[in-house]
Structures are given as structure tokens and as C-alpha cells.
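Counting from 1 along the sequence shown, just add 4 to a position and that's the residue number in our numbering.
For glycine and all other residues, C-beta sits at the position ideal for the given N, C-alpha and C.
Reading through the C-alpha cells given below for one structure.
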Amino acid sequence: MTILITGATGNIGRHVVQQLTQRGADVRALVRDPATAALPAGVATVQGDLLDVDSLRAAFSGVSTLFLLNAVVPEEFTQALIALNVAREAGIERIVYLSVIHSDRYLNVPHFAGKFGVERMIEGMGFNATILRPAYFMDNDRTIKDVVLGHGVYPMPIGSKGLAMIDARDIGEIAAIELLRRERSSEPLPLARFNLVGPDTLTGADVAALWTDVLGRPIAYGGDDTAGFEQNLRQFMPNWMAFDMRLMSERFLTDGMTPDAGDVEHLTALLGRPLRSYRDFASEIAASI
Numbered sequence: 005m006t007i008l009i010t011g012a013t014g015n016i017g018r019h020v021v022q023q024l025t026q027r028g029a030d031v032r033a034l035v036r037d038p039a040t041a042a043l044p045a046g047v048a049t050v051q052g053d054l055l056d057v058d059s060l061r062a063a064f065s066g067v068s069t070l071f072l073l074n075a076v077v078p079e080e081f082t083q084a085l086i087a088l089n090v091a092r093e094a095g096i097e098r099i100v101y102l103s104v105i106h107s108d109r110y111l112n113v114p115h116f117a118g119k120f121g122v123e124r125m126i127e128g129m130g131f132n133a134t135i136l137r138p139a140y141f142m143d144n145d146r147t148i149k150d151v152v153l154g155h156g157v158y159p160m161p162i163g164s165k166g167l168a169m170i171d172a173r174d175i176g177e178i179a180a181i182e183l184l185r186r187e188r189s190s191e192p193l194p195l196a197r198f199n200l201v202g203p204d205t206l207t208g209a210d211v212a213a214l215w216t217d218v219l220g221r222p223i224a225y226g227g228d229d230t231a232g233f234e235q236n237l238r239q240f241m242p243n244w245m246a247f248d249m250r251l252m253s254e255r256f257l258t259d260g261m262t263p264d265a266g267d268v269e270h271l272t273a274l275l276g277r278p279l280r281s282y283r284d285f286a287s288e289i290a291a292s293i
């Protein structure tokens, strides 16, 4: 009984692998370069690529449960559909797929629309799956901590509707719990879909106020300039991706990323502990200065 993890060396995938190994699961990781994967002892690594059908067939052989995570890349949708078809060919019935919250609402945002398409294919192909829909990763804000600390500005244009930010470690643990629930069930479980959110829904002003409190000095919210956000992102990512992120931020402003009733309570019960808060996240960064 083997659980295969795609995206195993990324920010979320590493947490999933760690949580599974801590729980004694038999874990296999699909990686581009096993020599540099640096995964926990006991994790079997298989070299492969989500566009390489032969490598997927080898990686999926003998697998009982699949964690499917696709990076934000131009061929994300194609990668996922190839993986699903090879999984079905291999007889894999149990899947946990990492989608995104409001994938069915942010339909003009490329990586949201792609994930919603994958959700529809999972359902249409009759897979027994859990579809996890995380909100904004608070860990994204590690990329802008120098701006917060050095310039006194929180620069992410997240608006005033509010985002239910979640810690990547909580995503990884929840995913591991769901993978094991499916893996250890005597029969395949029905399709499930739920949001992954943090304990608080925060606006740009809220986040700036939290940083102000944690750091003990004023931190201002940088405002809702999505065009400037796109231009800044172009300095370190392809222009198509920067535009994708701008479109997402524009939906932050108009729609927000808000939980459904009962989401926080469901996740708290699943974890058996409180969800990590943005204040916890900011405090960890402040303590590491």
C-alpha cells in the first residue's frame, strides 16, 4: 500500500511527505532529480515528469493512493489530465487533489480555471477523491518580508474583502490526514470537496495592523495597485505568470477569499488543534530577525 506524492520537493509537498512519514506511511515521491530531493529517510524517490508518460507509468506502478499537486506552469492542465489518465490506467482509485478556493468563481484567472477543469475531470472520470481547496498561503508573504521589515509597508494588494490565509504546514498535515483516511479505508470513499482556510479572514489593513503590533513599529498597507504588483512580479517571474497573479489579485479586491460556514470548525476538528494564525506566522518571522 503505497502513497505517491507529486510536487514532493515543493513548499506544500515537503510538508505532506513529512507528515506521512511521521505517521508511518509507505511514501513514494515523484521528483525531477532524486540526487537533490533531500526528502526524509525511507521515502522512495522516482525520477519523472508529469508530461513524461513513461516515467509516470513507472512511478504509478503499485501505487494505491495518489496526491496530485501541479505547479503553476503553462501546461498545468495538461499535466493533470495526463496524470489522471495514467492513474486510471494503473488502477489507482484513491486520490487527493490540491486545487484552490473559489476555483469555480475566479474563472478568468488562468491557474484557477485550470484547477477547476481538473476538478471537473476528477468527478467526470469517477475517481474517489478528496479535492482540497486552499485559500491564500500565508507563506507567500515570506517573499515580501524584506519590504515589510525594511520599508514599513505591507505591499500585497489583497484589498478589503478579506482573505482566509492558511499556513502551508496546516495544508500539508490536512492533506496527509486525508491521504491516510482514503488509503486505510476498506473500500474507496465517495468524492469530497472542502476549503482549506486559516482561523481569521484578513484585509490588507488587518495584516498591516498585525505586523505593526508584532514588530512594535508602524507598518502601512501599500494599497490596491494591481498594475504595480504585476510590474514588480515581472522582475523575477515570466510575464504570463505575473499577469496571472495580477488577475488573481484583482479578484481579491472584488471577491476576497472567504470561508464557508463551518470551514474553520471542520479543519480544527480534523487537526485536533487550532489552525495556525497569521499572527503566529508574523511572530515567527519577527523572532528570526
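Report the option in the options whose CA atom is closest to the CA atom of residue i.
i	options	result
residue 222	183, 153 and 254	153
residue 210	147, 162, 265 and 150	162
residue 129	104, 88 and 103	88
residue 37	58, 17, 176 and 13	13
residue 64	262, 94, 106 and 238	94
residue 226	172, 156 and 8	156
residue 200	138, 167 and 109	138
residue 236	147, 23, 117 and 71	147
residue 143	56, 250, 113 and 171	171
residue 289	145, 195, 180 and 198	145
residue 284	181, 271, 267 and 202	202
residue 265	251, 198 and 208	198
residue 17	6, 5 and 33	33
residue 176	249, 48, 71 and 224	71
residue 293	43, 149 and 58	149
residue 76	287, 246, 286 and 278	246
residue 187	52, 96 and 47	96
residue 73	42, 183, 109 and 112	183
residue 251	109, 270 and 273	109
residue 345	282, 125 and 10	Since the first residue of the chain shown is 5 and the last is 293, residue 345 is not available in this structure.
residue 90	59, 263 and 39	59
residue 126	106, 114, 194 and 112	194
residue 29	279, 105, 47 and 278	47
residue 27	50, 240, 273 and 185	185
residue 262	241, 44 and 106	106
Have a look at the DSSP bridge pairing and note the partners of residue i.
i	result
residue 101	72 and 135
residue 158	225
residue 167	206 and 261
residue 67	6
From the DSSP output, in three-state form, read off residue i for me.
i	result
residue 141	strand
residue 82	helix
residue 24	helix
residue 32	strand
residue 6	strand
residue 49	strand
residue 129	coil
residue 92	helix
residue 12	coil
residue 191	coil
residue 37	coil
residue 58	helix
residue 279	coil
residue 289	helix
residue 113	coil
residue 172	helix
residue 77	coil
residue 150	helix
residue 19	helix
residue 183	helix
residue 284	helix
residue 42	coil
Using a Cβ cut-off of 7 Å (strictly closer), state whether residue i contacts chain D.
i	result
residue 78	Of the protein chains in this structure there is only one, and it is not chain D.
Is there at least one non-hydrogen atom of the ligand ZN closer than 6 Å to the beta-carbon of residue i?
i	result
residue 196	Annotation note on the ligand ZN: not contained in the displayed structure, which lists no ligands.
*Is the number of C-beta pairs between the stretch 229-247 and the stretch 201-218 that are closer than 8 Å three or more?*
Not touching, per the Cβ criterion.
*Is it a yes or a no for the stretch 134-143 touching the stretch 91-106, going by three-plus beta-carbon pairs under 8 Å?*
The stretch 134-143 makes contact with the stretch 91-106, as at least three CB pairs between them are under 8 Å.
*Complete alpha helix (DSSP H) runs within the stretch 193-277 (minimum length 4 residues, chain order)*: With a minimum length of 4 residues, the unbroken runs of alpha helix (DSSP H) contained wholly in the stretch 193-277 fall at 208-219, 230-237, 243-258 and 267-275.
_I'd like to know if the stretch 256-275 and the stretch 158-172 are in contact, where contact means that at least 3 CB-CB pairs between them fall below 8 Å._
Yes, they touch.
*Could you tell me whether the stretch 76-83 touches the stretch 15-30, using the rule of 3 or more Cβ pairs below 8 Å?*
Contact between the stretch 76-83 and the stretch 15-30 is absent, because fewer than three Cβ pairs lie under 8 Å.
*With contact counted as at least three CB pairs below 8 Å, one residue from each stretch, are the stretch 66-82 and the stretch 117-124 in contact?*
Of all C-beta pairs linking the stretch 66-82 to the stretch 117-124, three or more are shorter than 8 Å, placing the two stretches in contact.
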